[in-house]
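Visitor: Can you keep this structure in mind? I'll have questions shortly.
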Amino acid sequence: MKSIAQAEENYLLLTCSKKSEASYDVFIDDQIPQMFANHFIQLRDDFPMEDLYSLLVRVPGILKRNYIHVKSSFGKSVPLSMKKALFDLGYVLDEELFYSIDLAEWQGNSASGRIRWGTATSLQDGCDVMQTYDALSVNETFAKEKLRRKYPFYEKGIIQLFVCYSDDGTPIGCAELYADYRENVSKIEEVAILEPYQRKGYGTELLHEMLAESKRSGLELSYLVTSGSDQAKRFYEKLGFRREHRLTTIFKYLFSSM
Numbered sequence: 001m002k003s004i005a006q007a008e009e010n011y012l013l014l015t016c017s018k019k020s021e022a023s024y025d026v027f028i029d030d031q032i033p034q035m036f037a038n039h040f041i042q043l044r045d046d047f048p049m050e051d052l053y054s055l056l057v058r059v060p061g062i063l064k065r066n067y068i069h070v071k072s073s074f075g076k077s078v079p080l081s082m083k084k085a086l087f088d089l090g091y092v093l094d095e096e097l098f099y100s101i102d103l104a105e106w107q108g109n110s111a112s113g114r115i116r117w118g119t120a121t122s123l124q125d126g127c128d129v130m131q132t133y134d135a136l137s138v139n140e141t142f143a144k145e146k147l148r149r150k151y152p153f154y155e156k157g158i159i160q161l162f163v164c165y166s167d168d169g170t171p172i173g174c175a176e177l178y179a180d181y182r183e184n185v186s187k188i189e190e191v192a193i194l195e196p197y198q199r200k201g202y203g204t205e206l207l208h209e210m211l212a213e214s215k216r217s218g219l220e221l222s223y224l225v226t227s228g229s230d231q232a233k234r235f236y237e238k239l240g241f242r243r244e245h246r247l248t249t250i251f252k253y254l255f256s257s258m
């Protein structure tokens with residue numbers, strides 16, 4: 001789990017700054033302030049849980065945002081009684097589920113000609129699909145700003161953008177592959193299949209090709225992160241991913257400007 005935790009931090013640090021306090025870390029991305037995923041406090045294993053309530057009150061000031069977003073540590077869970085109390089106080093609690101797959105044991109099929117990456121054309125197609133997906137899921141302004149934030153990493157190949165095409169050559173899905181050679185793992189992120197093409201096998205082909213490329217690159221395992229409320233976790237399990245760890249996420253939107 002240590003290599004996955006470090007790879008996750010390395011991925012976050014591509015876009016986020018990190019400030020370490022006594023028993024927690026603060027992650028902030030000033031270039032895209034409305035992206036909740038890039039603004040949070042991560043507790044460390046030595047964080048005293050009796051101090052959680054007082055920390056939550058201070059989070060908006062620490063993050064300089066009008067919401068509270070805190071994640072538990074990898075090695076210490078939030079007690080059930082505390083989760084219930086937080087729920088009663090109006091906090092939204094969920095889980096980040098870390099799923100991994102051992103690439104040495106993975107024997108999937110990667111012979112699909114519908115998956116492409118690493119060319120100027122595939123990059124443009126992938127960006128178009130990602131922006132369309134985010135515009136439909138959130139809004140157009142967010143989609144443009146998020147793509148603008150991520151594009152330099154796609155262009156330099158730090159993050160590979162894999163694209164899935166329909167039989168007639170239309171780009172209909174994409175996903176990120178981040179290879180962390182220091183930790184010998186890859187991360188699959190931002191899996192996006194446009195709604196009319198979902199549940200038709202395109203997602204399976206896309207992930208198989210990404211796993212195959214990770215294996216060809218000599219990496220030991222691949223992982224992804226989903227939420228406890230996301231039904232896609234069953235899809236990942238069918239592909240052979242196994243849950244490694246879970247983090248509790250604590251969120252509350254304050255509906256007022258800072």
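With full-length UniProt numbering, letter number 195 in the sequence shown gets 195, and the count goes up by one each step, no holes. We put the beta carbon where it would ideally sit given N, CA and C, even for glycine.
Quick check on DSSP: helix, strand or coil for residue 238?
Guide: helix
Visitor: Tell me the DSSP secondary structure of residue 252 in three-state form.
Guide: strand
Visitor: Suppose the cutoff is 6 Å on Cβ atoms and the five residues either side in sequence are ignored; what does the same chain contact list for residue 72 look like?
Guide: 43, 78, 247, 248
Visitor: Tell me the residue span of the beta strand (DSSP E) that contains residue 173.
Guide: Note, residue 173: beta strand (DSSP E), 171 to 180.
Visitor: At the level of alpha carbons, what is the spacing between residue 257 and residue 232?
Guide: Low local confidence applies: a pLDDT of 49 at residue 257 is under 50, so the model's placement there is unreliable, with the coordinate-based value given in what follows. Rounded to the nearest whole angstrom, the C-alpha separation of residue 257 and residue 232 is 34 Å.
Visitor: What residue from 174, 170, 165 has the CA that sits closest to residue 147's CA?
Guide: 174
Visitor: Assuming residue 275 and residue 161 are in contact, meaning their beta carbons sit under 8 Å apart, how far apart are those beta carbons, in whole angstroms?
Guide: With the chain represented from 1 up to 258, any question about residue 275 goes unanswered, as that position is not in the structure.
Visitor: Which value, in whole angstroms, describes the spacing of the CA atoms of residue 142 and residue 58?
Guide: For residue 142 and residue 58, the distance between alpha carbons rounds to 27 Å.
Visitor: Between the segment 213 to 229 and the segment 95 to 111, can you find at least three pairs of beta-carbon atoms closer than 8 Å?
Guide: yes
Visitor: When you compare only the Cα positions, how much space is there between residue 91 and residue 203?
Guide: 33 Å
Visitor: Assuming residue 24 and residue 47 are in contact, meaning their beta carbons sit under 8 Å apart, how far apart are those beta carbons, in whole angstroms?
Guide: 6 Å
Visitor: Over what stretch of residues does the alpha helix (DSSP H) that includes residue 226 continue unbroken?
Guide: Segment 221 to 227 is the beta strand (DSSP E) holding residue 226; no alpha helix (DSSP H) there.
Visitor: Pull up the CB-CB distance for residue 192 and residue 129, whole angstroms please, since I reckon it's below 8 Å.
Guide: 7 Å
Visitor: Applying the 10 Å Cβ sphere with the 16-neighbour rule, what's the burial state of residue 65?
Guide: buried
Visitor: Pick out whichever of 157, 89, 133, 74 has its Cα sitting closest to the Cα of residue 120.
Guide: 157
Visitor: Under the assumption that residue 186 contacts residue 178 (Cβ atoms under 8 Å), give the Cβ distance between them as a whole number of angstroms.
Guide: Indeed they touch by this definition, with Cβ atoms about 6 Å apart.
Visitor: Round the Cβ separation of residue 26 and residue 62 to the nearest angstrom and send it over; I've been treating them as touching at under 8 Å.
Guide: Right, the Cβ-Cβ distance comes to about 6 Å (below 8 Å), so this counts as a contact.
Visitor: Could you have a look at residue 100 and say whether DSSP puts it in helix, strand or coil?
Guide: strand
Visitor: For the beta strand (DSSP E) containing residue 69, name the first residue and the last one.
Guide: 67 to 71
Visitor: For residue 135, which residues from the same chain have a beta carbon less than 7 Å from its beta carbon, with the 5 sequence-adjacent residues on both sides left out?
Guide: 143
Visitor: By the three-class DSSP mapping on this structure, what secondary structure does residue 258 have?
Guide: Caution applies to residue 258, whose pLDDT of 45 falls short of 50 and renders its modelled position unreliable; the model cannot decide the point.
Visitor: With DSSP as the reference, label residue 74 as helix, strand or coil.
Guide: coil
Visitor: Taking the beta carbon of residue 51 as the centre, do at least 16 other beta carbons fall within 10 Å, making it buried, or is it exposed?
Guide: Result: exposed.
Visitor: Between the alpha carbons of residue 20 and residue 253, how many angstroms are there, rounded?
Guide: 24 Å
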